[in-house]
Each structure stands twice: as C-alpha cells, then as structure tokens.
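In this note's numbering, the protein residues as written are 9 to 366. The C-beta atom is built at its ideal place from N, Cα and C for all residues, glycine as well. What follows is a set of notes on a single structure, which appears directly below.
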C-alpha cells in the first residue's frame, strides 16, 4: 500500500498515549523559525546593551598586541602567555552573548515543547539511513514548504533593504564625504534599523510557521481506526490500567453500598466525627444487631451525611462507637459483649420513634 493511501486512512485524531509515546521518542512540535528569530533578537539586544564593553575588550586586546608587536617571543612560556591573554580577552568578549543565547534557546524550546529531555532522538536507526526514504523526503510536501519559506525570507530581506536604501539614498551618498567617526556611527544606526525591520517581518513569518508545524505535527500523528482499536486492546491488557479501573469500580460499588447500607439502618452511632457505625436490628430475621457500615474520619462524615439525608437517627456515644469500630465487621453481628450497650441505644431510638408517631 502506498504512503498516500496510508495517509488517507489516517482519519482519527491521535490519542493521548500516541502523543505521549511520540514525546518519549523526541518527536515534538517545534518551529525552528520562532527559535531563530528570537535568538537573533536576543543577540541584537545583547550587542546593543553590551556593545560598549565588548568594544572595550577588543580595543584593549588590539592595544596590547600593537604595543608588543616588535617584542621578540623569547620562549614557549612567553608565547603561551600571549595566547592565554588573547583567549581570556576573547572569552570575556563572547561570554555575555553566550550566556544569554544559551538561556534564551532553552526557554524558547521549553515554551514550545514543554520540558522533554530524551536521548532517543539521537539514536541511529536504519530507516534514517535508507536512501530511498531520504529521496522521498527531498520531494515531499515538507521540503516544498521549506523551499517556500526560504524564498519568502529572501524576499523579505531584499524588500526591506531595497525600500530602506531607496528612501535614504541621499544619506548613504553623504557618507563618502563625512568624517570616518560620523560615518561609522550612522552606519551602525542604519544596520540596527535594517536588522530590526527584518526581524519584525521574520517574526510574523515565524508565527505562521509555528501554526503550520502544529498542524503538520498532529496530521503526522493521526491514526487509522485499526490503530486506535489496537491501542485500546493493548491498554486493556496493561496491569496499571486494570488496577486503576478496578479501584474505580470498587469506589463506585462502595458508594452504592454505603447509600443502601445507611438507608437500611436503624441508627448511626458516632464519636461524634472520628467514628461512625450504622446498625440494623430486626428481631424477626436477625439474632442480634448487624453492622451495616462503619467508617473513620472522611467515611464517618459521609455516613453521618447520609443518615441526615435519609432521616436515620444519629446517637453520639463515644465509647460504644469506638468499641464497635474496633471489634465489629461490616455485614456481621456485633460482638456479644456489646449487646447490652447497643440494646440501650436501640431502645432509646425506638422510644423516640414512638413519640414521633404518637
């Protein structure tokens, strides 16, 4: 089956798992144009801000070597001293620019892709070395888009230079008769204006490229209906997914049982908020009171809430609530040593019910 027919079958949006796996493999949506424009802008601002100090370092280095141009180099240590000095001046010259560009590059990439650190993108794969696939990429739609972007950038730069020079051609001609210092100052201002205008236009192009890259990224990750089904089946067999589904099911069953248990109870004995035990006693069917539900802290509060909702009597008895919670089990009879205490509570509840009826 051809690549075009495969793309035609990929009608489903990528699942969260497909996107996550792509990120693990280093496949993320990123616009190189955005990164390039922002890095160039950062470099321009750095040169504008630190240009004077950078010029000072260059001037000091030039002055040192100019003054010592005729001095003989006596030995290897003397030569290394000159080399070390040149290296130190050069390092101080590029350090501000280097720090800023590295920081900006990290921030820009993180903003586009989120923090996604992986070495998988650097792995050598046989498919990447396949010359046939490489030839296919050369004539693909992606390469055509890159060609259009390149031509557009060239056109932008050419138009900016053309219209700027055309509007200020008289000033450029005047540079030939001006003092050198004034000419250099004016030239620097024009270069800054050129670069600012070009970067502004390229930034608009970069925004369009970012939108296109996002669209293309999701298009490339689209799945066929069969791939979606296969992924679902694979996730069905994932023990983590099964365990999560089992816990969710137990929570649903517990919630349903708690509702029914409290509704079927005759009384809820509380601590008042730390423990709650729901009891039911039917002399015709049961030999002793049964613990319908019991809970501690949040569950105790939920039992009280349900009891209030359904009109089940709530009796505060700290010792009995604690003892029942510690010794009795749900859906089981209460322990024999608790009969007397529970009987007194039930008698009190029945007496209240008779008063309400009368």
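Rounded to whole angstroms, the Cβ separation of residue 275 and residue 287 is 5 Å, and the two are in contact under 8 Å. In terms of Cβ geometry, residue 46 and residue 112 form a close pair [threshold 8 Å]. Secondary-structure assignment with DSSP links residue 201 through no beta bridge to anything. Short of 6 Å from the beta carbon of residue 328, and not among the five residues preceding or following it, lie these beta carbons of its own chain, in chain order: 277 and 349. When only Cα atoms are considered, residue 162 and residue 121 end up about 28 Å apart.
Collapsing the DSSP output to three states places residue 18 in coil. Annotated three-state conformation of residue 287 is strand, per DSSP. DSSP, read as helix, strand or coil, puts residue 234 in helix.
At a Cβ-Cβ threshold of 8 Å, residue 353 and residue 325 count as neighbours. Cβ contact annotation for residue 360 (same chain, cutoff 8 Å, sequence separation greater than five): 321, in chain order.
Secondary-structure assignment with DSSP links residue 304 through a beta bridge to 283.
Taking each of 87, 177, 66 and 51 in turn and checking the Cα distance to residue 106, the smallest one comes out for 51. The C-alpha of residue 333 is placed about 14 Å away from the C-alpha of residue 297.
If you check the CB distance, residue 68 and residue 97 come in under 8 Å.
Annotation: residue 300 to residue 267 spans about 10 Å, alpha carbon to alpha carbon. Beta bridge pairing from DSSP links residue 298 with 288 and 341. Contact annotation: residue 338 and residue 302 have beta-carbon atoms nearer than 8 Å.
Between the segment 206 to 215 and the segment 164 to 172 there are three or more inter-stretch CB-CB distances shorter than 8 Å, so the stretches are counted as touching. Straight through space, the alpha carbons of residue 49 and residue 18 are spaced by roughly 39 Å.
Taking C-beta separations shorter than 8 Å and ignoring five residues to either side along the sequence, the partners of residue 336 in its chain run 285, 299, 302, 342, 343 and 346, following chain order.
Residue pairing by DSSP places residue 322 opposite 276 in a beta bridge. For residue 34, the three-state secondary structure derived from DSSP is coil. Straight-line measurement puts the Cα of residue 282 at about 11 Å from the Cα of residue 312. Taking all protein chains shown into account, residue 63 has fewer than 16 neighbouring C-beta atoms within 10 Å of its C-beta and is therefore exposed. Taking residue 203 as the centre and dropping the five residues before and after it, the same chain places the C-beta of 52 closer than 7 Å to its C-beta, in chain order. Note on geometry: alpha-carbon atoms of residue 31 and residue 54 lie some 33 Å from one another.
Take the alpha-carbon of residue 21 and the one of residue 229: they are about 8 Å apart.
Distance from the CA atom of residue 295 to the CA atom of residue 27, rounded to whole angstroms, is 60 Å.
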